[in-house]
Structures are given as C-alpha cells and as structure tokens.
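J.: Under the working numbering, the sequence shown has 257 at position 269, and the numbering climbs by one with no breaks.
Sharing a structure with you now.
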Amino acid sequence: MDIRRLEEFIAVLDTGSLSKAAEKLGVAQPALSQSLARLERELGVKLFQRSRRGAEPTPAARQIAEEVRRGVFRIVNAIDAAQAIAAGRAGVLRVGLVSSALVDILPRALRALRDEAPGLRVVLREMSNAEQAQALSRGEIDVALVHTPVALSGVMHEKVLMRERLVAAVPEDLLPGGQDRVSMADIARAGLVMFPHEQLPTFYESVMDAFRKEGLDAEIVQEANRTLTVLACVAGGCGIALLPSWIRSLDFAGVRYCEVVDGSRLPSFDVSAIWPKRAVAGLADDFVRACGAGQ
C-alpha cells in the first residue's frame, strides 16, 4: 500500500474537507479524490461520506484512524532512519581507545560528530593495545585508537592522530622546590615506572634503548597498565615515569611534570586510528576524519 495514500487519508480526516486537504498537501482536488477512491477499493470499505459540508469519516475510517496514524509515523521514522544511516548521519559505531585519546582526540571527534551526525550513537570502550587488537580482529569494535606501532591481523587503514614527546612524571618529594627539569641520569637513579612490556613492546624497548645509548642502566621498579595507575605509583614514590606531554593537563597530587633535558633519544608517544579497509567508506572513516578535524 502506498504510504502517500495513507497520508492523504489522514489529511482529509484532520481537515474534514477534500479541498482543504488538497491545499495542505499541494495536490489537485480531483487527484486527491481519485487517490482516496483507490484506497477505499484496496481496503474494501467506504472511508468518507462526501457532502457540501465536507468529508465526514465513516465508522470504519474512525476505527482505523489511529492505527493508520501510528503506522504512517513509524514508516516515516523508519525511512528517515534508513536514509540517515545511508548518509552516515546515524547508526552505531563501536570505538576502542587508550587513555591518551581521551584528552584531545575524542572530545574533538565527538564535537564534530554531534554537528555532522546527531543520530550516530558512539559506544566507547577504554582498552589496552592488546585488548583492542583482539577486539578489532573479532569484529567487536569498529575503530581502534591505539599506541602505534601495534601488530594487527587483516587489511587495515592506519592514521596517526597524535605524536607527542615524552615528559617525566616525578615524585614531588624527590625534587627541590621549583625544579622542573631532570636528566636521563636522574631518571635512571630513581628507577622507572613503566607500562608492561607486553602492552607496549616497541615503546618499552625504545625507551630502554635510549638509556643504553646514554650509557645508563635504567631499572624498571614498577609496572602499571593504566595511565592513572602509573601516576599513582609515581605519587607513591616508586620511581619516575615517562609519559606523553598531554599528561601536563592532569593535576595529580604528589606528582610534578618535568622536561627531560637530554631526552632527544627518547621515542615519541603516538596515538593512531586503525580500522578495517572496506570497499565503501563508512562510519569508521567519518569518525577518523572527525578525530583530525580542526588540527
């Protein structure tokens, strides 16, 4: 059944007149009358009694009116939703992310998507690199925001979203008042608080290699798998952590952030978007584009 005919039925019902309904719908009255006649034939019932006073709904019309009204509403909503999804303005997108993506990348993406795709529901899961790699390969997330490099199976897109230098997170009681610079030797003496090797193997090895090239033997005194846990360990006096410079935006009691004066050998701390390659661009592509909006 043509949804247009149902909409015409509702218009005549609401206005009580074929001429007023035709004006409201922007159609000729004879065409509207013919359309209603076809609807009556399809339904096998008389819907309106025409008179000089207008179009009076029959008992059958009154009986089905609310059901038709609800049905039209649902169909129109379904069509709108389908068109929004097809246009990339709606749907569900599952995003995995490391904590480094929370400060700048994610807020920027959400702001852009709120304007461009208000019907899109983004499901967020904070996860480690290893957890995201598994989730992406199993199809449990659509986009991974990870520290790169990372080993992943399948054919993937990859885009670097953030590349930051490292700063030292130092126990506050380890520094004289006002000091905001430390050396690699200072860090080696205090010991390192690090993410576990299996979580970020390339980053871990690159940091240790930087100390070796400086002729220093740096010991890992504490491992922690989340950024806030790392900061808590630093505040507890366990050692010094090397973290991306965005960490300065977090005021953590007992921790002072310092430049590493001779840290040119230290690696950068990268966050990249990784998502499966598809023949046709989809919501994941739109999300990654939004992550870089305004950079």
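From the three backbone atoms N, C-alpha and C, an ideal C-beta is built for every residue, glycine too.
A quick note: this is a predicted structure, and the numbers were derived from the prediction, not measured.
Within 10 Å of its beta-carbon, does Q187 have 16 or more other beta-carbons around it, so buried, or fewer, so exposed?
T.: The residue in question, Q187, is buried, as its Cβ has 16 or more Cβ neighbours within 10 Å.
J.: Going by DSSP, name the residue or residues bridged to R38.
T.: Per DSSP, A43.
J.: Does DSSP classify V131 as helix, strand or coil?
T.: The answer is strand: DSSP assigns V131 an E or B state.
J.: May I have the straight-line CA-CA distance separating T136 from G165, to the nearest angstrom?
T.: So the two alpha carbons sit approximately 36 Å from each other.
J.: Can you look up P189 in the DSSP assignment and give me helix, strand or coil?
T.: Three-state result, P189: helix.
J.: How long is the line joining the alpha carbons of I93 and A132, rounded to whole angstroms?
T.: Those two C-alpha atoms are separated by around 12 Å.
J.: Going straight from the alpha carbon of E202 to that of P95, what length do you get?
T.: Between E202 and P95, the C-alpha separation is close to 38 Å.
J.: Does the segment 147 to 164 touch the segment 245 to 259, meaning 3 or more C-beta pairs lie closer than 8 Å?
T.: Cβ pair count under 8 Å is three or more, so yes.
J.: Going by DSSP, what residues sit across from E146 in a beta bridge?
T.: The partner list for E146 (beta bridge, DSSP) reads I262.
J.: Put F183 into one of helix, strand or coil per three-state DSSP.
T.: If DSSP states are grouped into helix, strand and coil, F183 belongs with coil.
J.: In the DSSP assignment, what residue or residues form a beta bridge with P159?
T.: DSSP lists V243 as partners of P159.
J.: Can the beta-carbon of G227 be found closer than 9 Å to that of L180?
T.: For G227 and L180, yes; Cβs fall inside 9 Å.
J.: Just the Cα atoms here: how many angstroms apart are H124 and W263?
T.: Inspection of the sequence shows that residue 124 is occupied by Leu rather than by His. The alpha-carbon atoms of L124 and W263 are separated by roughly 8 Å.
J.: Would you mind working out which of A48, L219, S233 and R253 sits nearest L27, comparing C-alpha positions?
T.: For L27, the nearest C-alpha among the options comes from A48.
J.: Can you round the beta-carbon distance between A278 and L101 to whole angstroms, since I take them to be within the 8 Å contact cut?
T.: Yes, they are in contact, since the Cβ atoms of A278 and L101 sit about 5 Å apart, within 8 Å.
J.: For G242, tell me which candidate among V56, C221, W234 and D197 has the shortest Cα-Cα distance.
T.: Selected option, being the one with the closest Cα: C221.
J.: Would you list the one or two residues that DSSP bridges to I208?
T.: DSSP output for I208 lists L180 as bridge partner(s).
J.: Going by DSSP, what residue range makes up the alpha helix (DSSP H) through V31?
T.: Correcting the residue type first, residue 31 is Leu in the shown sequence and not Val. Start and end: Q17 to L31.
J.: With three or more C-beta pairs closer than 8 Å as the rule, is the segment 115 to 122 touching the segment 233 to 241?
T.: Verdict: no, contact absent.
J.: How long is the line joining the alpha carbons of D168 and Y245, rounded to whole angstroms?
T.: Approximately 7 Å between the Cα atoms of the pair.
J.: Kindly indicate which residue of I(-2), E44 and S39 has the alpha-carbon position closest to the one of S23.
T.: Among I(-2), E44 and S39, the Cα nearest to that of S23 is on I(-2).
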